[in-house]
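The structure under discussion appears below in the form of structure tokens.
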Amino acid sequence: MSRLATFTARPGTVGVRAPGRLVVLGASRSIAAAARTLDRDLVLVQQPGSPLNKIVETGRYSHCYSVDFTEETFPSFVTGVLAPLRVGAVVSLTESGLLPAALANELLGTPGTPFEVVHTLRDKSRMRALLRQRAPELTVRYAVPPDAMAAAAVMKGWGPGVRAILKPRDGSGSRGVCLVEEPGSLEGLDVKGCILEEYVGGQEYSAESFSVDGEHHVVALVEKHVDASFVELAHVTPPSTLSSREREAVCEAIDDFLRAVGLRDGPAHTEFKIHNGSVKIIESHNRVGGDGIPALVTRVTGIDLKASALGWPLGLVTISDEAPAPAPAPASATATAAAAVAYATATPGLVTSVELPDERAVPPGVELNRVWTGVKPGQRVESLSSSDDRVGSVAVSAGDSTTALAAARELATRIEVTTTPGTA
Amino acid sequence: MKTPILVINRHSHGFLFEFGRCLLPLEDIEPHLVTHAYSGVDGLDSSAFRHTHTCSFLDPSQVEALCAWIIDRYSVRHVVALHERAMTSAARLRTRFGLPGLSEDGVVLFRDKIAMKRAAAEAGILVPDHHRLDSIEDLRAVPLDGRAWVMKPRYGVGSKHVSVVTSLAEASERWSTVDPGPGQFEIEEFVEGDLFHCDAVVEGGSLGFAEVSRYLANPGEFGPDGMAGSVNLPPGPFTRRVIALTAAVVAAFGFASGVLHLEVFRTDGDELVLLEVAARPGGGGIDRYLSLAHGVNIIEAAVRVELGLDVTRRPGASDGRSVWGVVGFYPGEHAFGVPSALFGELGIVEHLHDADAGRGSGAPRHCTDYRDRYIVRAADLVDFEHKALTIGECYRSAP
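Protein sequences appear in the order of chains A and B. Going by our numbering, the first sequence opens with residue -17, and the numbers climb by one from there. Going by our numbering, the second sequence opens with residue 3, and the numbers climb by one from there.
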């Protein structure tokens, strides 16, 4: 049974300590920094063109390779270059690196989430098919139509008034997700490579879990807020909109889900909704959540999800399974009761100025954790169609979720990115 | 489409630039850079160097495995290596993949100091008497009778682990201290005389640009607080002899194209005795004064010749009479620097400070591990020597 766990990520007490280097595919600066806290030599594999000067650890012989790990030639790199390096495990916390990491582990005989499991989570149609077979109560109706006409026919079959979601089978970051109001709207759409799913309304959440030998520990539940195009605009943990009974039901559902897809070890970020009292899985990934969620979780639980996700295959993770109640509780002296992040958007165009919120705007009882902006004057802002189109964020912590979320949203509106129509 | 090339760079990333100008022809090539994380990515522009790999050079087999994968994956056409220690790996890769440039057989003559001397001697070039050392017993065959001999690694770089011995006891102690494996060391006759170097560009088996310089101190004698460097010589009968000897080495070694750094003694009897020759640009600031004086950057030339491109020659500042050189200072206890106010008076046209020289040990690691390096222009050799002495006095004077 799944439980919200007290869980720490310090090297060395639980799990089999595997020798060898840790290989990380597609590390961000924060992931590379987290990997360096582990007691292992690090090998980074970055996409060609990725900035290296802030990723590479200088002053020592550190390995960092520029290789497109999504290419068909990646296995030859694994066997030709990585194999002689005495690798202990290959890990990725980025969506595009999950399958290559699993493939590399199979080729090298090193521990990690099996390729089949990762493939199931990456391919939403495989996941739905498996759920229909093993945990039908967790899934919604779906189809992988060959063309728009077939998609419309399927949708009609679901009955009147049923809305649908059309999205890429292997997408992430809200890219290419669209809400289909009625079958006629599908006309002329390119549905190749897409899955059509029955839309369920209501609040969306994610469960940040960590599994050890088939025991699934829900570390935190996160409430997610999106715009009309499903781009994520805010997260808060713990959710203020889930009752304790619902939280318990969620933990059981996550346990059932992870068993159904065959995930036994490591992190998972599972998005779900509660529809007519039952949990419906939206999608799941064998990695930590993006969007600053790990930082929120650390704030509230004291758990470093990134370091845990990187270190578990090498036995560098400690699990304490003594949390008695399925409720999120501060797990360290530094933890706070709630944490939230909210994102700023801007009118498409050329950036002319960027203003950040004044610290005096932070309400009493709220701690400002991070303000970030990803744009500068002269850069172009695109219309909001994926997470990459957001222009900044504010992360805060507070005594309760409602206060934290409201403060993060308010402060995010104060990231003022002014644009003018035109091109760079 | 740009030509994919592999660049193995064991120097800092700045080595590939001259005051912001990249020495690689980026408009024609797509570089796949294999370097290290000490300073190999300092200031690296990931858009210009999209394919950059950092790795440990301690294990050449790992580096070569990476390079082989890059060559195969990207259909690399040329392998460029500018550091002495990368020459053999580059040559092995060229041979394995049938790429142009110095082959595995060819590189031996430049890396193996015994094979090098044997090949030169067979061509009638004077070389020091020398012996291969496989064990301490081999020292007994060397006439260590009070004359000076030089013990050195057979494949050494930067005058590291070079020592002068004058007796069997001294040589045996040295051997025991280093404890090299069989075939890793040699001993050669100590040659009395001034040491010169010739830096040359070879294209189509013939010498193109070639400049002769004199070392200010024997590179083998580097140490804390020491001063060293080079000064180039105005053209004359002696420089022509050195260039002719360089051409003879090129012919004897069958060296078709590339850049050479050749070292030669001039004995008291006016004989030229070959010390060593390397198939790479000279280090320690030689590239800088040659570039300033003659408009030929020998690092850039090495790359371009490797790629089959013409050597770029820009206008140089040399008027044919003045001399140029480098004065370098090793880390030590008396390294204070030359006040910039004196640069003009002392003919200093460029200064490079390397805070990392010695890597914190307080002593140089090799013969070009300068803490401060000054490029100097002088009216003639006498003026240069005077300026170099004055620079040395200023450098060691506490402010």
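Every residue gets a Cβ at the ideal spot worked out from N, C-alpha and C, and that includes glycine. Please read these numbers as outputs of a predicted model, since none were measured by experiment.
Span separating the alpha-carbon of residue i from that of residue j
| i | j | result |
| --- | --- | --- |
| Leu28 of chain B | Gly260 of chain B | 19 Å |
| Leu112 of chain A | Asp152 of chain A | 16 Å |
| Ala258 of chain B | Gly126 of chain B | 20 Å |
| Gly175 of chain A | Ile264 of chain A | 18 Å |
| Ala386 of chain A | Val378 of chain A | 6 Å |
| Pro341 of chain B | Cys396 of chain B | 8 Å |
| His13 of chain B | Ala202 of chain B | 21 Å |
| Ala311 of chain A | Leu215 of chain A | Residue placement at Ala311 of chain A is poorly supported in this model, since its pLDDT is 37, which falls under 50; the coordinates still yield a value, given next. Going from the Cα of Ala311 of chain A to the Cα of Leu215 of chain A covers about 25 Å. |
| Asn234 of chain B | Leu26 of chain B | 26 Å |
| Val167 of chain B | Glu387 of chain B | 30 Å |
| Val164 of chain B | Arg156 of chain B | 10 Å |
| Pro165 of chain A | Val122 of chain A | 17 Å |
| Ser58 of chain A | Phe59 of chain B | 21 Å |
| Ala313 of chain A | Val270 of chain A | Low per-residue confidence applies at Ala313 of chain A: pLDDT is 42, beneath 50, and the placement is therefore not dependable, though the value from the model is reported in the following sentence. Those two C-alpha atoms are separated by around 19 Å. |
| Pro345 of chain A | Thr401 of chain A | 28 Å |
| Ala(-9) of chain A | Gly284 of chain A | Legend: pLDDT at Ala(-9) of chain A = 39, less than 50; position of this residue unreliable, value from coordinates given subsequently. So the alpha carbons of these two residues sit roughly 9 Å apart. |
| Tyr372 of chain B | Ser365 of chain A | 55 Å |
| Leu174 of chain B | Ile138 of chain B | Note on identity: in this sequence residue 174 of chain B is Ser, with Leu being the wrong assignment. Spanning the two alpha carbons is a distance of roughly 6 Å. |
| Val378 of chain B | Leu294 of chain B | 10 Å |
| Arg391 of chain A | Val353 of chain A | 12 Å |
| Thr268 of chain A | His251 of chain A | One detail in the question is off: residue 268 of chain A reads as Asn in this sequence, not Thr. Roughly 6 Å separates the two Cα atoms. |
| Lys358 of chain A | Ile13 of chain A | 24 Å |
| His85 of chain B | Asn11 of chain B | 7 Å |
| Gly297 of chain B | Val252 of chain B | 23 Å |
| Gly62 of chain A | Asp196 of chain B | 49 Å |
| Ser105 of chain B | Leu68 of chain B | 19 Å |
| Phe463 of chain A | Cys57 of chain B | Coverage of chain A is limited to positions -17 through 406, which leaves residue 463 of chain A absent and any answer about it impossible. |
Identified DSSP bridge partners for residue i
| i | result |
| --- | --- |
| Asp1 of chain B | What is shown of chain B runs 3 to 401, which leaves residue 1 of chain B out entirely. |
| Lys106 of chain A | In DSSP, Lys106 of chain A forms no bridge with anything. |
| Tyr325 of chain A | A:Ser375 |
| His45 of chain A | A:Val25 |
| Arg379 of chain B | B:Trp326 |
| Val154 of chain B | The question names Val, but residue 154 of chain B in the sequence shown is Lys. DSSP, once it has assigned bridges, lists B:Glu188 as partnering Lys154 of chain B. |
| Ile10 of chain B | B:Val36, B:Ala83 |
| Gly414 of chain A | Residue 414 of chain A lies beyond the range of chain A shown here (-17 to 406); nothing can be said about it. |
| Asp196 of chain B | B:Arg268 |
| Ala380 of chain A | A:Ala320, A:Val348 |
| Pro150 of chain A | A:Cys176 |
6 Å Cβ shell around residue i - same chain, five flanking residues per side excluded
| i | result |
| --- | --- |
| Val9 of chain B | Pro33, Leu35, Val82 |
| Met229 of chain B | Phe331, Gly394 |
| Val159 of chain A | Lys149, Phe212 |
| Val27 of chain A | Leu7, Tyr47, Val49, Phe51 |
| Val336 of chain A | Thr355, Val399 |
| Val173 of chain A | Pro127, Ala130, Ala133 |
| Thr384 of chain A | Ser222 |
CB-CB length for residue i against residue j, believed under 8 Å
| i | j | result |
| --- | --- | --- |
| Ala322 of chain A | Leu278 of chain A | 7 Å |
| Asp472 of chain A | Ala319 of chain A | Because chain A spans -17 through 406 in this model, residue 472 of chain A falls outside it and cannot be assessed. |
| Phe198 of chain B | Arg268 of chain B | 6 Å |
| Gly293 of chain A | Leu80 of chain A | Actually they do not touch by this definition, with Cβ atoms about 17 Å apart. |
| Val201 of chain A | Leu287 of chain A | 7 Å |
| Ala65 of chain A | Leu24 of chain A | Not quite, the Cβ-Cβ distance comes to about 17 Å (not below 8 Å), so this is no contact. |
| Val275 of chain B | Leu128 of chain B | 5 Å |
Close beta carbons around residue i, own chain, < 7 Å, minus the five adjacent residues each side
| i | result |
| --- | --- |
| Ser78 of chain A | Gly8, Thr52 |
| Ala143 of chain B | His133 |
| Gly285 of chain B | Thr370 |
Chain-order list of residues whose beta-carbon lies under 8 Å from that of residue i (same chain, five-residue window excluded)
| i | result |
| --- | --- |
| Glu205 of chain B | Ser259, Val307, Val313 |
| Ala71 of chain A | Ala0, Gly2, Leu4, Val5, Asn87, Thr92, Pro93, Gly94, Pro295, Leu296 |
| Ile73 of chain B | Leu8, Val81, Leu95, Phe99, Leu101 |
| Ala182 of chain A | Per the sequence presented here, residue 182 of chain A reads as Val, with Ala not at that position. Cβ within range, chain order: Val122, Lys255, His257, Lys262. |
| Glu341 of chain A | Leu350 |
| Thr223 of chain A | Gln185, Glu205 |
| Glu228 of chain A | Ile256 |
Checklist entry - Between the stretch 220 to 233 of chain B and the stretch 75 to 94 of chain B, do three or more beta carbon pairs fall short of 8 Å? => result Result no; under three Cβ-Cβ pairs closer than 8 Å.
Checklist entry - If you pair each beta-carbon of the stretch 273 to 287 of chain B with each one of the stretch 106 to 113 of chain B, do three or more pairs fall below 8 Å? => result yes
Next on the checklist: Would the stretch 201 to 218 of chain B count as touching the stretch 181 to 192 of chain B if we require 3 or more Cβ pairs under 8 Å?
Outcome noted: no
Checklist entry - How do the stretch 24 to 40 of chain A and the stretch 36 to 54 of chain B stand: do at least 3 beta-carbon pairs fall below 8 Å, yes or no? => result yes
Checklist entry - Is the stretch 277 to 297 of chain A touching the stretch 391 to 402 of chain A, taking contact as three or more C-beta pairs under 8 Å? => result For the pair of segments examined, the stretch 277 to 297 of chain A was found not to touch the stretch 391 to 402 of chain A: the number of CB pairs separated by less than 8 Å stays below three.
Checklist entry - Any chance the stretch 85 to 105 of chain A sits against the stretch 124 to 144 of chain A, with 3 or more Cβ pairs inside 8 Å? => result no
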